[in-house]
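Residue numbers (our numbering): 342 to 722.
No residue lacks a Cβ here, since even glycine has one placed at the ideal position from N, Cα and C.
Note that the structure is a prediction, hence the values are computed from the model and not measured.
Take a look at the structure set out below.
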Amino acid sequence: MLQITQIMNASAIPAAFQPPPRLLMGPGPSDVAPAVLKALALPLVGHLDPTFVKLMEEIKTMLRTVFQTENGMTFPVSGTGSAGMEFCCVNLIEPGDEVIVGVNGVFGGRMVDVAERCGARVIKVEAPWGKIIEPSQIAAAIKTCKPKLVAIVHAETSTGALTPVAEISKLAREAGALFLLDTVTSLGGCAVEIDTWQVDAVYSGTQKCLSCPPGLSPVSLSERALKVARERKKKVQSWYLDVNLLASYWGQERVYHHTAPISMNYALHEALRLVLIEGLGNRFKRHEQCHLALKKGLDEMGLGIASQEGHQLWQLNAVTVPEGVDEADVRKRLLSEHNIEVGAGLGPLKGKIWRVGLMGETARPANVEKFLVALRTILKR
Ligand SMILES: Cc1ncc(COP(=O)(O)O)c(C=O)c1O
Numbered sequence: 342m343l344q345i346t347q348i349m350n351a352s353a354i355p356a357a358f359q360p361p362p363r364l365l366m367g368p369g370p371s372d373v374a375p376a377v378l379k380a381l382a383l384p385l386v387g388h389l390d391p392t393f394v395k396l397m398e399e400i401k402t403m404l405r406t407v408f409q410t411e412n413g414m415t416f417p418v419s420g421t422g423s424a425g426m427e428f429c430c431v432n433l434i435e436p437g438d439e440v441i442v443g444v445n446g447v448f449g450g451r452m453v454d455v456a457e458r459c460g461a462r463v464i465k466v467e468a469p470w471g472k473i474i475e476p477s478q479i480a481a482a483i484k485t486c487k488p489k490l491v492a493i494v495h496a497e498t499s500t501g502a503l504t505p506v507a508e509i510s511k512l513a514r515e516a517g518a519l520f521l522l523d524t525v526t527s528l529g530g531c532a533v534e535i536d537t538w539q540v541d542a543v544y545s546g547t548q549k550c551l552s553c554p555p556g557l558s559p560v561s562l563s564e565r566a567l568k569v570a571r572e573r574k575k576k577v578q579s580w581y582l583d584v585n586l587l588a589s590y591w592g593q594e595r596v597y598h599h600t601a602p603i604s605m606n607y608a609l610h611e612a613l614r615l616v617l618i619e620g621l622g623n624r625f626k627r628h629e630q631c632h633l634a635l636k637k638g639l640d641e642m643g644l645g646i647a648s649q650e651g652h653q654l655w656q657l658n659a660v661t662v663p664e665g666v667d668e669a670d671v672r673k674r675l676l677s678e679h680n681i682e683v684g685a686g687l688g689p690l691k692g693k694i695w696r697v698g699l700m701g702e703t704a705r706p707a708n709v710e711k712f713l714v715a716l717r718t719i720l721k722r
């Protein structure tokens, strides 16, 4: 029997892929530093090689600094940000548990879906897209149930709103619940203070303000959260994401669990080094300055930012599409004529906003200027 490869004409084999030189100003991934790309291309070592084990330890230590936590259980889950979301939910939720989830965009909605798949009875706390979740809303929801977990999205990438964390965390703790935070878009771009805010479970992604390709999800669990995971009545339904098994791989025992994506860990190691060399404070300041420069330029063009005043994300700007402008056509031209990628609005914001990311390596004044010039040129036409 002929194999498919044997009958494929040599001329039909595609050329090696060569990506165009895009400027990634969408909701992620962001631009990646040359040193991180170089790290990806390093030769492989085995995933239990002593040098790789040392690299794993260094990643854990650097992640603790970036998350501002002393949690022992801090490591990157193999998978994208959604894997981190599932990791937190599958380990902490058992069927029948009551869980409060703040929903003010796509990712709160995704958390509801994931929690329900774990068997939770979910109490949704909703805010209009672009607005934050108010502590008073969480307080009201707590009065209606006995929550095991309260979960919110810190930086809603679908709307550009940054929900303050400390007060909601306090309410959760007073209610005897664990507190779960999505920091996929906030980590590395603005303050994320896991211990100060008493966050019990947190997940993030590598492809936003850490400026690494997508593929790993940094997570951290407090001792309270770990106790809940250890003392579950039922086994965690996901073998792959069971923290009790992963603990032996990422902990001192180094028991084989799965084959870590080695090159991605090289890349994350380098990306975290760059974050720490720059310094968290400097990095946050750079994101803030780029956001302010973008806002000023947009203002001069008569354009605004759609998300709630006072809670606008620096790293994801929901730019209002002017009346009568074809939103999709502008995005298409930015890409085809200027090599700039921006994101579209989702859900109720579809057609109404462009999502302009200023994350990690992308957050540079020259990129802001390049985008403003391109947008001005297209809109003039
Ligand atoms: C806030 C937020 N949470 C979760 C996710 C899911 O992450 P991923 O697409 O890496 O699975 C994203 C992705 O954009 C996000 O922005």
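Contact belief for residue i with residue j at Cβ below 8 Å, rounded distance in angstroms
i, j, result
"Trp655", "Gly471", "No, Trp655 and Gly471 are not in contact; Cβ-Cβ is about 16 Å, not under 8 Å."
"His610", "Glu399", "6 Å"
"Gly443", "Ser648", "Contact doesn't hold; Cβ gap of about 15 Å is too wide."
"Val697", "Val660", "5 Å"
"Ser558", "Ser545", "7 Å"
"Leu364", "Glu682", "7 Å"
"Val466", "Gln478", "5 Å"
"Leu582", "Leu404", "In fact, because the Cβ distance is near 17 Å, the residues do not count as touching under 8 Å."
"Val616", "Val407", "6 Å"
"Thr415", "Ser563", "Contact doesn't hold; Cβ gap of about 10 Å is too wide."
DSSP bridge partner residues for residue i (one or two, in chain order)
i, result
"Ile441", "Ile464, Val491"
"Val697", "Asn658"
"Val714", "Answer by DSSP bridge pairing: none, since Val714 is not bridged."
"Val540", "In the DSSP output, where bridge partners are listed per residue, Val540 has none listed."
"Ser419", "Leu557"
"Gln653", "Ala502"
"Leu365", "Glu682"
Collapsed DSSP secondary structure at residue i in the structure displayed
i, result
"Asn658", "strand"
"Thr402", "helix"
"Asp640", "helix"
"Met414", "strand"
"Pro476", "helix"
"Glu682", "strand"
"Ala357", "coil"
"Glu515", "helix"
"Ser589", "helix"
"Pro689", "helix"
"Asp454", "helix"
"Glu427", "helix"
"Ile646", "strand"
"Glu288", "The requested residue 288 does not occur in the structure, where the chain is confined to residues 342 to 722."
"Glu497", "strand"
"Ala502", "strand"
"Val560", "strand"
"Ala376", "helix"
"Asp670", "helix"
"Leu522", "strand"
"Leu389", "coil"
"Leu551", "coil"
"Leu609", "helix"
"Leu633", "helix"
"Leu582", "coil"
Within-8 Å CB hit, residue i to chain C
i, result
"Gly692", "Note that chain C does not occur in the displayed structure, where there is just one protein chain."
Original post:
Three or more C-beta pairs closer than 8 Å, one from the region 547-554 and one from the region 694-707: is that the case here?
Top reply: yes
Original post:
How about the region 424-433 and the region 464-483: do they share at least three Cβ pairs that are nearer than 8 Å?
Top reply: no
Original post:
Is it true that the region 443-460 meets the region 494-506, where meeting means three or more beta-carbon pairs spaced less than 8 Å apart?
Top reply: yes
**OP:** Specify whether the region 500-513 and the region 373-382 touch according to this definition: at least 3 beta carbon pairs, one from each stretch, less than 8 Å apart.
**Re:** no
Original post:
Touching or not, the region 712-719 and the region 663-679, by the rule of three or more beta carbon pairs under 8 Å?
Top reply: yes
Original post:
Counting pairs of Cβ atoms below 8 Å between the region 636-644 and the region 613-627, do you hit three or more?
Top reply: no
**OP:** Assess, as a yes-or-no matter, whether the region 431-444 is touched by the region 455-466 under the definition of 3 or more beta carbon pairs within less than 8 Å.
**Re:** yes
Original post:
Counting Cβ pairs closer than 8 Å, one from the region 388-398 and one from the region 562-569, do we hit at least three?
Top reply: no
**OP:** For the region 532-546 and the region 586-603, state whether three or more C-beta atom pairs, one from each stretch, are separated by less than 8 Å.
**Re:** Contact between the region 532-546 and the region 586-603 is absent, because fewer than three Cβ pairs lie under 8 Å.
**OP:** Decide if the region 403-421 is in contact with the region 599-614; the criterion is three or more beta carbon pairs, one per stretch, under 8 Å apart.
**Re:** yes
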